[in-house]
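Comments concern the structure below.
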Amino acid sequence: MNRRISKILLSGAALIATALVSANGHAQDKPIRIGLVTFLSGPAAGPFGVPAKIAAEAIVDSLNAGKVPAPYATKGFGGTPLELVIIDEAGGATKQVAELRNLVQRQEVDFVIGYIGSGDCLAVAPVAEELQKITVLFDCGTPRVFEDASYKYVFRTRPHATMDAVAGAMYLLESRPGLKSYGGINQNYAYGQDSWADFTAVMETLKPEAVVTTSQMPKFGAGQYGPEISVLLQSNSDVIHSSLWGGDLEAFMLQATPRNLFTRSQLILVAGEPYLHRLTGSIPDGTIIGARGPSGVYAQKSALNDWLRQIYKERAENYPNYPAYSVAQAFLGLKSAYEKAKAKGASGTEEIIKAFEYETFDSPSGKVMMKLGKGHQAVTGTAYGATRTVNGQITVGNVKYYSVERVQPPEGVKSIDWIKAGMKPGKW
Amino acid sequence: MAQLLAVLIDGLIYSSWLFIIAVGLTLIYGVMKILNIAHGSLYALGAYSAASLAGFWIKQGYPPMGSYAVMLFAAILVGLIAGPVIERGLLRFMYGKDEIVLVLVTYAVFLILEDFVKLVWGVDPYFISQPYGLLGSFVIGDLTYPNYNLVLFGAAVIIGVVLAWVLTKTRQGKMLLAVIHDREMSGAMGINVGRVYFITFTVGAMLGALGGALTAPMISVQPGIGAETIVLAFAVVVIGGLGSLPGAALAALLVGIVRAAAVHYRPELDLFSIYLVMAFVLIVRPKGLFSVQEARKI
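Protein chains in written order, with the numbering used here: chain P, 1 to 428; chain F, 1001 to 1298.
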């Protein structure tokens, strides 16, 4: 009888131990499943989605092999290997909401890293919250995610797009103090509208006498820009601001270059870095290029940057562009939080969230601080430069770096309010 | 005045492009009563084939001017392969079924071809920008336009005139009009309706592919371009009256001019301009500008 009771007790204890292990983390043999959502098709796939996917796969392999430089040398996440479940972000916000539910409820992923489109980020964030699944937004730009709402399970390891406008305008005015007029062409959706609103607000603050000539807002994926280019040509603007990206940017450049638009107006492409090697011959010299952070061509030398460039180049023709750096920040930020939680004895969802909030971690583009959105939104400094062609290759020159306090609003202040109030540097 | 002139030129160029992408769709609907959603994929296949073949041509160092002939060849090739495969392999088994069923079938073909494109060409964009700038440019007022826009305008006019001539002046065209008017009676009078369908679909596919081939030098050719295009083409065809060639031409002109005017004078309306035109036309003429009167069958 005693023997039978002992057997039952032992079995019960084993079951409880197993349950505790799965609740607090992962058994060594069971990989951590990460849902990666990125554009695999559509206009954003080539310059954004696919580089992010290539980088994610290379990073996961490198993490699993324990070949990432310090402080990320531990294999996988805390010794547990990683496994990717990759989903195409194409199809719109409604589809992404369904895909997120699918990832969490059917695929049973442990974490979700994803989303390039701002519309997708705004749509999935409340659903991630409802599903109580840690979701790391890796690339989307709209500041509205954490300025209009507050989330417990959602993090964004990349700075939001306000810095594009702030640093872009600063760079522009430093290199062209006599600027008299500017126009814009931006996509008619969340990111495009935010980008233009931020840029005009910054310009009104820094250069109130400069005149806005025109604001063109073609629909996302318009493809044909003949009338818009005519308006921009007739506006005779000193500068044209654009946050166009994906196939839209490429089509615009292909159509605008033969019409001599850029001999009349200087161009500032706030999200232009991923196109540098794709639009040789169509990006004129002197175009101001942003990368939302010191990423891609602006990333400074470090062991982590060398590592990312090496593992990416082994799988692709070119060196990583900024979406590749964005996805690296997401993986390394999450790994850092996971291991910090595990070091304290538990790596359940609650503990990881606590470790992630207000975390500071190293990345290939420098230090990343989770200091906005109650510790859920990353900030970094940023960089801008201007294109120049050397031996038929586009490079960037006259690179300037901007510290975080100059280009990001402090916690609790909305970007647009901070800009309109004169962009007083906060304390970080 | 300069702005008004710019509106007219921009509108005409955009109209030409709209007509080229929509004409194949309206031709197929007019004859076969099939709203061919796969038209968007045929456009994409034309664009990819043109970009690949013309890119290869230029890379080999052959005369760049030859790239235009290569683009045309690519469109014809796509039409000659995809048209018969879709029509003979699938659609002919569906004739006589409800129009909605045929819409669903062509939608399925659209989805299959979208994946086929990704399978063959991958997700990276293709560029073939040389033909866009090769012909030089013309200047009107303070605006520069590539002469390639004249190619688009010329292509639209030639396609429209040739189709109108074939339909009204040739024996084959008159047989086709008879099929449009009454399929059963045409068959009873000895017209090979199946053959007319086959030729019409192949020509329609060729026109869809030609739209893509002519657009390729102006855009980055990448997955998804077909979906964007079919929506616009559909709107033009609906405004013009399903199946009406002059209707498609007038609708393209109307939409092109209205959109250009919106961009120049009220950019915030650009997004809705085409749908505003569609809504207005459909309120006044629910079956489109040139809806074909249908005889009531007893």
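Don't be surprised by glycine CBs; every beta carbon is placed ideally from N, CA and C. Computed from a predicted model, the values in this text were never measured in an experiment.
It is roughly 10 Å from the alpha-carbon of residue 245/P to the alpha-carbon of residue 252/P. Closest in C-alpha terms to residue 1030/F, from the list 1254/F, 1260/F and 1247/F, comes 1247/F.
In this structure residue 370/P is buried. Its beta-carbon is surrounded by 16 or more other beta-carbon atoms within 10 angstroms.
Identification of residues in the segment 1118-1133 of chain F having a C-beta nearer than 8 Å to some C-beta of chain P yields 1118, 1123, 1124, 1125, 1127, 1129, 1132 and 1133, given in sequence order. Non-local C-beta neighbours of residue 205/P in its own chain, meaning closer than 8 Å and more than five positions away in sequence, comprise 419, 420, 422 and 423, ordered along the chain.
Residue state for residue 78/P is assigned as coil, using DSSP reduced to three classes. Taking C-alpha positions only, residue 95/P is separated from residue 114/P by approximately 14 Å. Taking 8 Å as the cut-off, the beta carbon of residue 189/P is found no closer than this to the beta carbon of residue 213/P.
Apart from sequence neighbours up to five positions away, the residues of its chain that approach residue 1028/F with a beta-carbon distance below 7 Å are 1034, 1036, 1200, 1201 and 1204, ordered along the chain. A residue is called buried once 16 or more other Cβ atoms fall within 10 Å of its Cβ, and residue 342/P is buried on that count. Per the Cβ contact rule, the segment 1011-1027 of chain F is in contact with the segment 1148-1161 of chain F (3 or more Cβ pairs under 8 Å). Residues of chain P with a Cβ closer than 8 Å to the Cβ of residue 1172/F do not exist, since the nearest Cβ in that chain sits about 34 Å away. The Cβ neighbour count for residue 133/P, taken over all protein chains shown within 10 Å, is at least 16; the residue is labelled buried. With fewer than 16 other CB atoms across the displayed protein chains lying within 10 angstroms of its CB, residue 1100/F is exposed. If you check each beta-carbon in the segment 1260-1292 of chain F against every beta-carbon of chain P, the ones closer than 9 Å belong to 1260, 1261, 1262, 1263, 1264, 1267, 1268, 1270 and 1271. For residue 1273/F, the uninterrupted alpha helix (DSSP H) run begins and ends at 1270-1284, by DSSP. In terms of beta-carbon proximity, residue 1257/F stays away from the interface with chain P, with every pair separated by 8 Å or more. Shown in chain order are the members of the segment 1211-1224 of chain F whose Cβ falls below 7 Å from a Cβ of chain P: 1218, 1219, 1220, 1222, 1223 and 1224. Shown here for residue 309/P: same chain residues with a beta carbon closer than 7 Å to its own, the five before and five after excluded, namely 319 and 320 in chain order.
Counting along the chain, residue 241/P sits inside the beta strand (DSSP E) bounded by residues 239-242. Here the alpha carbons of residue 377/P and residue 158/P stand approximately 7 Å from one another. With fewer than 16 neighbouring CB atoms inside 10 Å of its own CB, residue 1168/F falls in the exposed class. Under the DSSP assignment, residue 267/P falls in the beta strand (DSSP E) whose first and last residues are 266-269. Taking every protein chain shown into account, the CB of residue 150/P has fewer than 16 other CB atoms within 10 angstroms, so this residue is exposed. Under the Cβ criterion of 8 Å, residue 267/P is not counted among the residues facing chain F. The residues 1051 and 1221, in chain order, have a CB closer than 6 Å to that of residue 1126/F in the same chain once the five nearest residues on each side in sequence are set aside.
CA-CA distance, residue 1194/F to residue 254/P, rounds to 43 Å. Counting C-beta pairs closer than 8 Å gives three or more between the segment 223-235 of chain P and the segment 1002-1022 of chain F, which meets the contact rule. At the C-beta level, residue 359/P and residue 397/P stay beyond 8 Å of one another.
With respect to the C-alpha of residue 187/P, the residue from 180/P, 196/P and 179/P having the closest C-alpha is 196/P. By the 16-neighbour rule on beta-carbons within 10 angstroms, residue 185/P is buried. Per DSSP, the beta-bridge partners of residue 1146/F are 1137/F. Taken through DSSP and simplified to helix, strand or coil, residue 316/P comes out as coil. Taking C-beta separations shorter than 8 Å and ignoring five residues to either side along the sequence, the partners of residue 1074/F in its chain run 1046, 1049, 1050, 1052, 1053, 1054, 1209 and 1213, following chain order.
In the structure shown, residue 111/P falls within a strand segment according to DSSP collapsed to helix, strand and coil. Residue state for residue 224/P is assigned as coil, using DSSP reduced to three classes.
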